[in-house]
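First comes the structure, then the notes that go with it.
In my numbering, the protein residues as written are 372 to 503.
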């Protein structure tokens with residue numbers, strides 16, 4: 372798993388798996404995280420938020436990648452603040468939250484899904500839960 376407290380992070384044509392409290396595969400606390408074309412975040416588990424990716428603030432872009440994960444909130448992606456864009460034929464699948472946001476949980480900020488597939492299960496917002 373990757374923990375980035377500050378700065379920019381790019382995952383390019385790579386496979387990442389892992390587990391943690393927030394962001395089982397990737398924790399982004401910096402200005403931007405890019406999951407670039409051909410990347411796979413697989414078998415990602417968080418005991419709290421963001422099974423695959425937890426974005427504390429800044430910008431998260433998932434472009435042309437495959438993401439799966441499980442968590443309490445945001446089975447695949449948890450956006451705490453800032454913006455999240457899922458594009459380029461990305462697939463968020465096998466996403467599961469025991470609470471809200473099966474695939475994506477947005478605490479605040481904009482979410483854009485463009486030409487991508489998002490599926491998940493959760494108590495509220497099986498695919499997407501927007502809190503702000």
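All C-beta atoms in this analysis are idealised placements derived from N, C-alpha and C, irrespective of residue type, glycine included.
Euclidean distance between Cα positions of residue i and residue j
| i | j | result |
| --- | --- | --- |
| residue 454 | residue 427 | 10 Å |
| residue 478 | residue 436 | 23 Å |
| residue 397 | residue 494 | 24 Å |
| residue 402 | residue 431 | 9 Å |
| residue 483 | residue 391 | 26 Å |
| residue 457 | residue 379 | 18 Å |
Environment of residue i [buried if 16+ CB atoms lie within 10 Å]
| i | result |
| --- | --- |
| residue 451 | buried |
| residue 506 | Within the shown structure, residues of the chain are numbered from 372 to 503, placing residue 506 beyond reach of any answer. |
| residue 384 | exposed |
Anticipated Cβ contact below 8 Å, residue i with residue j, distance rounded
| i | j | result |
| --- | --- | --- |
| residue 470 | residue 444 | 5 Å |
| residue 441 | residue 461 | Actually they do not touch by this definition, with Cβ atoms about 18 Å apart. |
Beta-carbon spacing of residue i, residue j below 7 Å
| i | j | result |
| --- | --- | --- |
| residue 399 | residue 417 | no |
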